[in-house]
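One rule links them: number in our numbering = place in the sequence shown (from 1) + 408. See below for the structure under consideration.
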Amino acid sequence: MNPEIVIAMYKPHEGKDTALRELIRQHVPTLRRLELITDRPTLLVQARNGTYMEIFEWREVGRAHEHPEVARIWEAMELVADLVSLSSLDEARRSFPHFTPIELEEAN
């Protein structure tokens, strides 16, 4: 499989922003440690409606769907956030959409 860029999007449920941020903090380091994503720098940004967008490059998305560590994070994310599409964002209806950069210390 050729590397692909993905935009993973999570809109936190009411009162679940902190829990979602903790899962996001673990997500990319886990994918990188398991060699499922490339070393290309990742981005984490937030839309005006609170949706977080992680932008990274897959190395092997198929293996990610089969790995128990990744499944644990993804299942936990689904409990605290809606997995939304770009079209759900007001910014997606504009040319040159702008988002707020988010800095989270990655989990070790």
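Quick reminder that beta carbons are idealized off the backbone N, C-alpha and C, glycines included. None of the values given here were measured: they were computed from a predicted structure.
7 Å CB neighbourhood of residue i in its chain, flanking five on each side removed
i: Arg471; result: Leu444
i: Thr450; result: Val436, Glu462, Ile463, Phe464
Assumed close pair residue i, residue j - CB separation to whole angstroms, cut-off 8 Å
i: His435; j: Glu462; result: 7 Å
i: Val492; j: Thr459; result: 6 Å
CA-to-CA distance, residue j to residue i, given in whole angstroms
i: Arg429; j: Arg480; result: 15 Å
i: Leu494; j: Val414; result: 11 Å
i: Glu483; j: Arg448; result: 25 Å
i: Thr426; j: Ala489; result: 11 Å
i: Leu512; j: Arg433; result: 6 Å
i: Met485; j: Leu431; result: 7 Å
i: Pro476; j: Asn457; result: 31 Å
i: Glu468; j: Asn410; result: 8 Å
i: Ser496; j: Leu442; result: 31 Å
i: Glu412; j: Glu422; result: 32 Å
i: Lys424; j: Leu487; result: 9 Å
Status (buried if at least 16 other CB within 10 Å, exposed otherwise) for residue i
i: Arg502; result: exposed
i: Thr438; result: buried
i: Thr508; result: exposed
i: Tyr418; result: buried
i: Pro420; result: buried
i: Leu452; result: buried
Own chain residues within Cβ distance below 6 Å of residue i, not counting five before or after
i: Glu499; result: Ala455, Pro505
Cβ-based neighbour list, residue i, same chain, cut-off 8 Å, excluding 5 preceding and 5 following
i: Ile510; result: Leu452, Val453, Gln454, Tyr460
Every unbroken beta strand (DSSP E) within the region 481-506, with a cutoff of 3 residues, ordered by chain: 489-491
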